[in-house]
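Protein chains: 2
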Amino acid sequence: MTDAVDVAPVEVGPVNRRLVLAERPVGAPGLQHFRIETAAIPSPGPGELLLRTEYLSLDPYMRGRMNANAGYAEPVAIGGLMVGQTISQVTASNHPDYAVGDRVVADAGWQDWCLSNGQGLRKLDPALSHPTWALSALGMPGLTAYVGLLDIGQPKPGETVVVAAATGPVGSAVGQIAKLKGCKVIGIAGGEEKCRMAVEQLGFDACVSHHDDELPRLLAEACPDGIDIYFENTGGAAFEAALPLFNNYARMPLCGQVAWANATNLPAGYDLTPRVMRLFLHRRVRLQGFIVTDHYDTRFDAFQTDMTQWLAAGQVKVIEDIIDGLEHAPGALSGMLSGYNLGKLLVRVS
Amino acid sequence: MTDAVDVAPVEVGPVNRRLVLAERPVGAPGLQHFRIETAAIPSPGPGELLLRTEYLSLDPYMRGRMNANAGYAEPVAIGGLMVGQTISQVTASNHPDYAVGDRVVADAGWQDWCLSNGQGLRKLDPALSHPTWALSALGMPGLTAYVGLLDIGQPKPGETVVVAAATGPVGSAVGQIAKLKGCKVIGIAGGEEKCRMAVEQLGFDACVSHHDDELPRLLAEACPDGIDIYFENTGGAAFEAALPLFNNYARMPLCGQVAWANATNLPAGYDLTPRVMRLFLHRRVRLQGFIVTDHYDTRFDAFQTDMTQWLAAGQVKVIEDIIDGLEHAPGALSGMLSGYNLGKLLVRVS
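The listed protein sequences derive, respectively, from chains A and B. Residue numbering for the first sequence follows this note's numbering, starting at 6 and increasing by one per position. Residue numbering for the second sequence follows this note's numbering, starting at 6 and increasing by one per position.
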């Protein structure tokens with residue numbers, strides 16, 4: 006520990022803007038569910054450091070945290086700071102492990118400035134060509150793809166892998182890693198532009214749009230040998246189209262349900278559960294739900310090594326959708342839940 | 006191979022009765038869906054042997070085979086012999102590996118006599134104290150329990166295991182093996198008599214009735230530490246009561262859906278799939294559908310060794326429900342699908 010406090014000569018705004026949860030949304034979140042507050046920029050005490058947010062990551066799990074019952078994690082409190090991972094820069098440090106100018110991945114949330122005692126920070130290699138990749142291919146979405154596809158899906162060369170949200174940070178990594186493992190990869194995405202991008206930029210074998218009423222037929226045509234791995238991150242129409250195509254011994258890593266994120270009611274009509282379970286039984290399907298935070302301790306290092314190499318070799322490409330201004334984060338999150346983003350959604354904060 | 010044909014001096018009926026599928030049932034099967042036919046008792050040709058059926062096993066999977074789309078196996082043809090495993094006695098043999106008087110497990114189907122070329126037969130040890138056990142604890146239902154609980158469920162001492170159809174041949178084996186592995190075992194069964202039997206005769210820690218409208222509350226009270234393994238062989242009310250109690254990292258081996266076997270429509274109302282999947286995700290559930298016939302090659306020997314020992318030591322008990330007369334098999338199958346049997350259902354044929 007050091008007693009010296011170094012303050013970096015960066016341009017700082019006069020206040021810390023904080024985006025807090027004003028009200029819990031029922032259905033789709035809108036601007037009215039957030040509130041912007043301002044506070045003084047905090048000063049680091051002994052052992053603390055001050056972080057300035059450079060980029061805020063927006064991710065589907067955030068919608069769940071806005072509910073009173075967030076499922077596997079604590080909900081954001083009413084009036085509480087919205088949670089989120091950031092790329093942040095150390096602007097002052099009383100912590101021996103961090104120096105001014107260091108870049109870190111932090112759970113700083115939706116704000117300009119953040120105090121930290123160093124816990125949970127991950128320092129970025131200054132040599133990293135694209136620091137923002139630490140929030141996508143080299144970060145949480147990339148690890149989600151890596152663990153879900155490789156550890157749970159266990160792909161074998163020649164197998165068919167289907168993944169929805171194909172141009173999103175998880176889906177794009179799933180598809181590209183699956184190609185590296187010798188699989189045939191079919192994406193599902195919202196609209197022609199995304200589908201074209203999945204094939205032309207990411208190397209998917211095909212990609213079909215869930216906006217198309219003919220999705221079940223289109224997906225069946227794209228998967229003449231059935232589906233061996235259905236990587237589930239959306240639910241909804243993608244799941245319903247994929248299910249009948251499952252081969253015997255198919256695997257279904259399950260990490261998200263963004264298609265149902267804003268749902269306020271269960272779909273009316275019939276309970277499909279008996280049909281789903283019968284198919285899981287007859288086709289000997291293995292489904293495994295997983296939360297990526299469980300896997301950092303055991304898999305993050307191997308993932309970093311592999312993914313760094315794949316990125317350097319150009320075998321995995323990253324698509325980013327960066328918007329400017331913390332004040333636009335609420336609208337951007339709403340848009341993402343409707344599929345308006347194209348690639349990994351980030352907010353450039355400073 | 007031998008040229009001699011030895012015919013055992015057993016009392017034989019003058020004809021072979023065969024129960025065939027007359028019509029595919031919609032909903033519950035009844036007597037009208039079967040037809041009894043008679044034929045001459047066949048004579049074994051070179052390399053063949055003649056089997057006389059002693060016991061016919063009745064199992065829930067048979068209902069599925071009566072449908073045009075039987076799922077993972079070929080349906081029984083209209084006019085075709087109903088399929089089923091039997092304990093049979095060799096009454097004549099032109100096969101070098103089988104002698105008159107040998108007892109075998111055969112896929113002889115619903116008939117008095119059967120020709121075989123020896124394929125798929127399994128000879129029973131004459132020292133086996135209860136030959137019928139080869140159709141229950143030492144046979145297909147026992148292997149189903151063994152593979153599903155141990156290989157898929159991977160029980161750890163102190164964990165809570167829930168299994169429905171608790172006094173049936175699969176459920177009773179699951180519960181008793183789980184007790185041997187140090188688990189707390191809660192059964193679900195139809196009615197007080199079965200529940201009492203599960204606790205008093207089979208050693209379950211508790212058993213609750215799915216006839217009770219309060220099943221969800223009763224099961225929750227019986228599982229104060231949640232559920233670590235839900236062995237799924239029924240679906241229906243048992244599944245719905247168990248699901249909310251799943252712990253993180255719960256396992257769900259899935260081998261049957263007898264509660265939905267006769268269903269003609271999906272349940273009306275709401276599609277619960279999104280809710281089920283959300284829970285699987287949040288609780289990191291692993292579900293694995295399996296068909297026992299996949300596991301004979303790799304697991305049958307170990308299973309036989311273990312189960313023989315458990316039975317000899319009285320650590321696993323077998324409950325059998327034996328009815329007399331092949332002609333009663335259709336009614337007995339219908340009754341089983343409504344839960345009227347108490348233990349492993351067998352038909353004594355001769």
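Built from N, CA and C at the ideal position, the CB exists for glycine as well. Values in this document were obtained by computation on a predicted structure and should not be read as measured data.
Beta-carbon proximity of residue i to residue j, cut-off 8 Å
| i | j | result |
| --- | --- | --- |
| G240 (chain B) | S214 (chain B) | no |
| D233 (chain A) | N252 (chain A) | yes |
| I182 (chain B) | A227 (chain B) | no |
| M257 (chain A) | L292 (chain A) | yes |
| R68 (chain B) | N346 (chain B) | no |
| V354 (chain B) | H333 (chain B) | no |
| L350 (chain A) | A142 (chain A) | no |
| C212 (chain A) | E237 (chain A) | no |
| V190 (chain B) | D217 (chain B) | no |
| L148 (chain B) | V290 (chain B) | no |
| A171 (chain A) | A132 (chain A) | no |
| R22 (chain B) | L331 (chain B) | yes |
| C188 (chain B) | T165 (chain B) | yes |
| L61 (chain B) | W118 (chain B) | no |
| L86 (chain A) | Q116 (chain A) | yes |
| G50 (chain A) | H100 (chain A) | no |
| G144 (chain A) | L286 (chain B) | no |
| V152 (chain A) | R304 (chain A) | yes |
| L36 (chain A) | P335 (chain A) | yes |
| R280 (chain A) | L271 (chain B) | yes |
| T278 (chain B) | T278 (chain A) | yes |
| R40 (chain A) | Q94 (chain A) | no |
| L2 (chain A) | A246 (chain A) | Any question about residue 2 (chain A) goes unanswered here, given that chain A covers just 6 to 355. |
Where residue i meets chain B, residues with beta-carbon distance less than 8 Å
| i | result |
| --- | --- |
| P65 (chain A) | What P65 (chain A) touches in chain B: nothing, since even the nearest Cβ is about 12 Å away. |
| V263 (chain A) | Here the premise fails: no neighbours, minimum Cβ distance about 11 Å. |
| D299 (chain A) | R289 |
| P47 (chain A) | Here the premise fails: no neighbours, minimum Cβ distance about 34 Å. |
| P221 (chain A) | Within chain B, no residue comes near P221 (chain A); the closest Cβ sits about 16 Å away, beyond 8 Å. |
Whole-Å CB distance - residue i paired with residue j, under 8 Å assumed
| i | j | result |
| --- | --- | --- |
| G84 (chain B) | L24 (chain B) | Not quite, the Cβ-Cβ distance comes to about 11 Å (not below 8 Å), so this is no contact. |
| L126 (chain B) | A111 (chain B) | 5 Å |
| R283 (chain A) | Q262 (chain B) | 6 Å |
| V105 (chain B) | T96 (chain B) | 6 Å |
| I193 (chain A) | T137 (chain A) | Contact doesn't hold; Cβ gap of about 25 Å is too wide. |
| A33 (chain B) | L342 (chain B) | 7 Å |
| L207 (chain A) | G180 (chain A) | 6 Å |
| V88 (chain A) | G114 (chain A) | 5 Å |
| G176 (chain B) | A169 (chain B) | 6 Å |
| P80 (chain A) | N72 (chain A) | 6 Å |
| A264 (chain A) | A242 (chain A) | 7 Å |
| I324 (chain B) | G348 (chain B) | 3 Å |
Partner residues on chain B for residue i, Cβ-Cβ distance less than 9 Å
| i | result |
| --- | --- |
| Y275 (chain A) | N270, L271, P272, A273, G274, Y275, D276 |
| P80 (chain A) | Within chain B, no residue comes near P80 (chain A); the closest Cβ sits about 13 Å away, beyond 9 Å. |
Residues sharing a beta bridge with residue i, DSSP
| i | result |
| --- | --- |
| G192 (chain A) | A:V168, A:C212 |
| P51 (chain A) | Its beta-bridge partners do not exist; DSSP assigns none. |
| G294 (chain B) | B:L259 |
| G274 (chain B) | A:G274 |
| I41 (chain A) | A:L24 |
| F251 (chain A) | A:I232 |
| S62 (chain A) | A:L351 |
| E245 (chain A) | Partner(s): none; E245 (chain A) has no beta bridge. |
| R374 (chain B) | Because residue 374 (chain B) is not part of the residues shown, which for chain B are 6 to 355, the question remains open. |
| E237 (chain A) | A:L259 |
Contacts that residue i makes with chain A (C-beta to C-beta distance below 8 Å)
| i | result |
| --- | --- |
| H391 (chain B) | Residue 391 (chain B) falls outside the range modelled here, since chain B spans only 6 to 355, and no answer is possible. |
| P146 (chain B) | Simply none; closest approach about 16 Å. |
| P174 (chain B) | Simply none; closest approach about 18 Å. |
| P51 (chain B) | The contacting residues do not exist; P51 (chain B) stays about 37 Å from chain A at best. |
Chain-ordered chain B contacts of residue i [CB-CB under 7 Å]
| i | result |
| --- | --- |
| M282 (chain A) | G240, L259, Q262 |
| P34 (chain A) | The contacting residues do not exist; P34 (chain A) stays about 18 Å from chain B at best. |
| P229 (chain A) | Those do not exist, as P229 (chain A) stays about 21 Å from chain B at its closest Cβ, beyond 7 Å. |
Residue i Cβ short of 7 Å to the ligand ADP heavy atom set
| i | result |
| --- | --- |
| D233 (chain A) | Ligands displayed in this structure: none; no statement on the ligand ADP is therefore possible. |
Chain A contact residues for residue i, given Cβ-Cβ distances below 7 Å
| i | result |
| --- | --- |
| P30 (chain B) | Correct list: empty, because the minimum Cβ distance to chain A is about 17 Å. |
Contact set between residue i and chain A, taken where Cβ atoms lie within less than 9 Å
| i | result |
| --- | --- |
| P249 (chain B) | By Cβ distance, chain A contributes nothing, its closest Cβ being about 12 Å from P249 (chain B), past 9 Å. |
(Q) Please give me, in chain order, every unbroken run of the beta strand (DSSP E) with length at least 3 that falls completely inside the region 301–332 of chain A. (A) 325–329
Q.
Going residue by residue through the region 66–120 of chain A, where are the continuous alpha helix (DSSP H) segments of at least 4 residues, counting only ones entirely within it?
A. Counting only runs of 4 or more, we get 66–70.
Q: Quick one: which unbroken beta strand (DSSP E) runs of 3-plus residues sit fully inside the region 118–143 of chain A? Chain order, please.
A: Those beta strand (DSSP E) runs which fall completely within the region 118–143 of chain A and span 3+ residues are 118–121.
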